[in-house]
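Undergrad: Each residue of the sequence shown is one higher than the one before, starting from 15 at the first, in my numbering.
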Amino acid sequence: MKIFVTGGTGFIGSAIVRELLEAGHRVTGLARSDASAEALRDAGAEALRGDLKDFDTLTSAARESDGVVHVGFVHDFSKYQEMCELDRQVISALGAGLEGSSKPLVATAGTATASGEPGKETDRHPPGASAHTPRAASEEAVDALVERGVRAGIVRPSPSVHGEGDHGFVPMLIDLAEKTGVSAYVADGANRWNAVHRLDAARVFALAVEGLEPGQRFHAVAEPEVPFRDIATAIGELLGLPTRSIPTADAEDHFGWLSWVVALDCPTSNDLTRARLDWSPTHPTLLDDLRNGAYSRNE
Numbered sequence: 015m016k017i018f019v020t021g022g023t024g025f026i027g028s029a030i031v032r033e034l035l036e037a038g039h040r041v042t043g044l045a046r047s048d049a050s051a052e053a054l055r056d057a058g059a060e061a062l063r064g065d066l067k068d069f070d071t072l073t074s075a076a077r078e079s080d081g082v083v084h085v086g087f088v089h090d091f092s093k094y095q096e097m098c099e100l101d102r103q104v105i106s107a108l109g110a111g112l113e114g115s116s117k118p119l120v121a122t123a124g125t126a127t128a129s130g131e132p133g134k135e136t137d138r139h140p141p142g143a144s145a146h147t148p149r150a151a152s153e154e155a156v157d158a159l160v161e162r163g164v165r166a167g168i169v170r171p172s173p174s175v176h177g178e179g180d181h182g183f184v185p186m187l188i189d190l191a192e193k194t195g196v197s198a199y200v201a202d203g204a205n206r207w208n209a210v211h212r213l214d215a216a217r218v219f220a221l222a223v224e225g226l227e228p229g230q231r232f233h234a235v236a237e238p239e240v241p242f243r244d245i246a247t248a249i250g251e252l253l254g255l256p257t258r259s260i261p262t263a264d265a266e267d268h269f270g271w272l273s274w275v276v277a278l279d280c281p282t283s284n285d286l287t288r289a290r291l292d293w294s295p296t297h298p299t300l301l302d303d304l305r306n307g308a309y310s311r312n313e
């Protein structure tokens with residue numbers, strides 16, 4: 015297959031590009047800079063110059079492909095709702111290039127917005143959920159495409175996609191612990207994150223685009239539930255700092271905008287993903303990565 019990938023030079027996207035190439039696919043990646051284009055070519059892919067706001071370019075690239083994997087996202091948390099609405103437009107533009115065909119489009123959302131206890135692949139947001147859960151806009155966009163006959167679906171990665179080179183929530187928590195002198199959790203720290211290594215997540219995307227059925231959701235989740243207290247403890251051990259509970263009332267003062275992330279309780283099942291894709295995670299766990307030096311190199 016000739017697969018068009020957005021976000022192909024990012025932390026997860028670069029692993030997806032490699033996974034697709036190793037599976038024998040031809041890959042073209044969207045590149046918004048010369049450096050990104052060079053990185054794609056060095057990986058063995060082709061590069062198409064443009065960015066996520068070039069909707070005509072996205073539609074044309076999708077039309078010329080045999081399938082699309084969309085992992086690009088503008089991570090401007092100061093304009094989070096606006097960026098989620100941009101993602102809705104991006105998915106719509108990509109889907110426009112696939113209408114009238116059976117070509118697959120795999121877009122990205124997240125398990126932090128899945129509902130249920132634990133969250134399941136079959137969970138769906140209620141109508142209008144994006145008004146209060148901005149990331150639901152991506153799933154709404156996919157469902158709109160499915161109604162138009164597009165073979166579109168979603169991969170929901172964990173809030174912590176970890177591994178060497180991670181620039182996400184875990185490095186932010188490490189930086190905060192260094193700044194404050196303590197690795198903290200909220201209340202008793204029993205709230206649960208789910209987690210996945212970037213290489214295991216990349217495998218889910220690659221398998222999904224090969225066998226997607228319209229409307230399917232997959233969970234790129236290796237560990238369904240990791241107590242946040244254990245994550246904070248591992249960060250404390252990494253840095254040689256004490257681990258401490260922060261009362262719920264003081265969480266925002268200590269963690270700032272990260273307070274909602276730290277308090278997430280999002281256990282998430284991966285049963286259907288394992289069964290549908292014959293997928294099993296094989297790479298280190300989040301706590302293993304915190305203890306084996308993967309994050310000590312991010313200083």
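Backbone N, C-alpha and C define an ideal beta-carbon position, used for all residues, glycine too.
May I ask you to list the residues that DSSP assigns as paired with G43?
TA: DSSP output for G43 lists V19, A61 as bridge partner(s).
Undergrad: How big is the Cα-Cα spacing for V104 and V160?
TA: 15 Å
Undergrad: For G124, which residues from the same chain have a beta carbon less than 6 Å from its beta carbon, with the 5 sequence-adjacent residues on both sides left out?
TA: R149, R170
Undergrad: Considering Cα atoms alone, identify which of E224, V19, F18, I26 is closest to D180.
TA: Minimum Cα distance to D180 is reached at I26.
Undergrad: Less than 9 Å between the beta carbons of V83 and V223, yes or no?
TA: yes
Undergrad: Work out the CA separation of A308 and L108 for me, nearest whole Å.
TA: L108 and A308: Cα-Cα distance of roughly 35 Å.
Undergrad: State the CB to CB distance for the pair G203 and A246, rounded to an integer number of angstroms; the pair is presumed to be in contact (CB under 8 Å).
TA: 6 Å
Undergrad: From this set, F87, K117, A110, which residue's C-alpha is nearest L100's C-alpha?
TA: Between L100 and the set F87, K117, A110, the nearest pair of CA atoms involves F87.
Undergrad: Near I260, what residues of its chain come up, given a Cβ to Cβ distance below 6 Å and the 5 sequence neighbours on each side ignored?
TA: A198, V200, H268
Undergrad: If you drop the 5 nearest sequence neighbours on each side, which residues of the same chain put their C-beta closer than 7 Å to that of L221?
TA: L291, W293
Undergrad: Taking only the alpha-carbon atoms, compute the straight-line gap between E60 and V41 and give it to the nearest angstrom.
TA: 6 Å
Undergrad: Can you name, in chain order, every residue of its own chain whose Cβ lies under 7 Å from the Cβ of P8, other than the five neighbours on each side?
TA: Residue 8 cannot be examined here, being either before or after the span of the chain that is shown, 15 to 313.
Undergrad: Should P256 be labelled buried (16 or more other beta-carbon atoms within 10 Å of its own) or exposed?
TA: exposed
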